[in-house]
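*Asks:*
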Amino acid sequence: YAYTLQVDEKSDIYSYGVVLMEILTGKRSVDSEFGDGNSIVDWIKSKIKTKNGLNDVLDKNAGASCAPVREEMMLLLRVALLCTSRNPADRPSMRDVLSMLHEAKPHRKLPGSGGDGLVDFPDPLKPNVEC
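In terms of the UniProt record's numbering, the sequence shown has 18 at position 18, counting the first letter as 1, and numbering is strictly consecutive.
1) Taking only the alpha-carbon atoms, compute the straight-line gap between Met73 and Lys10 and give it to the nearest angstrom.
2) To the nearest angstrom, how far is it from the Cα of Asp90 to the Cα of Ile13?
3) Where does Met73 fall in DSSP's three states?
4) Assuming contact is defined by CB atoms lying nearer than 9 Å, are Gly26 and Asp59 in contact in what I supplied?
5) Could you have a look at Ser65 and say whether DSSP puts it in helix, strand or coil?
6) Suppose the cutoff is 8 Å on Cβ atoms and the five residues either side in sequence are ignored; what does the same chain contact list for Ile40 look like?
7) Please list the terminal residues of the continuous alpha helix (DSSP H) segment that includes Ala89.
8) Helix, strand or coil for Val19? Go by DSSP, reduced to three states.
9) Taking only the alpha-carbon atoms, compute the straight-line gap between Glu103 and Glu71 and give it to the nearest angstrom.
10) For Val57, count the other beta carbons within 10 Å of its own beta carbon; 16 or more makes it buried, fewer makes it exposed. Which is it?
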C-alpha cells in the first residue's frame, strides 16, 4: 500500500508479512531502533546480511534460543520475507502463503493430543520442546 496507494490482495499479503515479522521479532513494525525512515522490513533485510543476523532478529522470548523452535521461526521468517517483497508481483498469493505455512508447521506432537482429539495447548511462552 505504501508504494502504490492501492489496497489489493498483494498489499494484504505485504501486511501479513509485516505481522509475521512482528511476531517473530517481538518488535513493532516501526521502531526507533530501525533508524530514521526504516521499517521492520528494512531492519530485518539489513540484519540478515550480517554473520549473526538471524540470531539477532528472532525473539528469544518466543523460543528462538531453542534450536528446533528457531528452525521453525526461520521458516516463518522466509515466508514473511517473500510476503514483503518490494515488487508486488513477486509476492506469493495467499493460497501459496497457506501452503508454505502448512509445510512449516511443527512436526511435534502437542501434549494431551490423544485419541480423543482434544489438545491442552501449552503456555505459548514456554515452547514444548526439550532444549
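All C-beta atoms, glycine included, are put in the ideal place defined by N, C-alpha and C.
*Replies:* Per the coordinate set shown:
1) 23 Å
2) 11 Å
3) helix
4) yes
5) coil
6) Val18, Met21, Glu22, Thr25, Lys27, Arg28, Ser29, Val30, Asp31 and Phe34
7) Unbroken run through Ala89: none, as it is neither H nor E.
8) helix
9) 13 Å
10) buried
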